[in-house]
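To keep things clear, I will list the structure first and then write my remarks on it.
Residue numbers (the numbering used here): 8 to 190.
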């Protein structure tokens with residue numbers, strides 16, 4: 008089963024439990040209150056609430072750690088030790104790249120900025136899947152470190168609406184196999 012479907016089923020189950028809880032409370036609303044039963048239920052609710060809080064806290068920390076243990080964004084002010092640096096400047100409505108041939112199998116650093124407005128910098132592989140993306144912003148340089156495994160023609164598209172000719176803001180570059188790229 009796909010992870011997204013599993014999460015959907017867990018979410019639906021949780022919503023169902025909450026709905027059942029509401030139905031139970033509604034069904035008990037017209038019954039007269041007994042002080043002893045009220046205190047007992049209140050204590051049980053307090054214990055349940057504490058355990059639920061701890062469980063949610065542990066779950067939140069666990070999910071956060073599992074999804075971010077390998078933080079995908081490199082240090083922005085340190086040397087990235089890349090084999091090749093490609094400077095990228097976004098303009099309305101084109102990309103300016105310092106290199107159009109990139110080596111496969113070695114880390115490549117992209118330094119992305121914009122000359123005018125915000126742009127969404129996204130690299131698509133030959134099968135049209137997003138490989139990596141970041142924002143191109145005026146006055147700020149974002150760095151991406153990526154190792155291309157598959158040679159071929161890659162495209163750069165803008166993911167943020169930047170004006171009238173946004174749809175045509177496409178650029179291409181070649182990723183060369185290790186022996187072709189000189190690596």
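C-beta atoms are modelled at their ideal positions from N, C-alpha and C, and glycine is treated no differently.
Inter-residue CB distance, residue i and residue j (contact presumed, cutoff 8 Å)
i, j, result
"residue 115", "residue 155", "7 Å"
"residue 104", "residue 95", "6 Å"
Beta-carbon proximity list for residue i, same chain, < 7 Å, skipping 5 on both sides
i, result
"residue 92", "116, 118"
"residue 139", "130, 151, 153"
"residue 167", "125, 126, 127"
"residue 123", "98, 99, 145"
"residue 147", "120"
Pair within 7 Å by beta-carbon distance, residue i and residue j
i, j, result
"residue 126", "residue 172", "no"
"residue 163", "residue 102", "yes"
"residue 135", "residue 142", "no"
"residue 170", "residue 133", "no"
From the options, residue whose alpha carbon lies closest to that of residue i
i, options, result
"residue 107", "60, 146, 24, 183", "183"
"residue 21", "59, 132, 109", "59"
Cβ shell of residue i (< 6 Å), same chain only, five flanking positions each side left out
i, result
"residue 188", "Residue confidence for residue 188 is low, a pLDDT of 45 falling below 50, so the modelled location carries little weight and cannot support an answer."
Neighbourhood of residue i by C-beta distance below 8 Å, restricted to the same chain and skipping five residues each side
i, result
"residue 137", "129, 130, 131"
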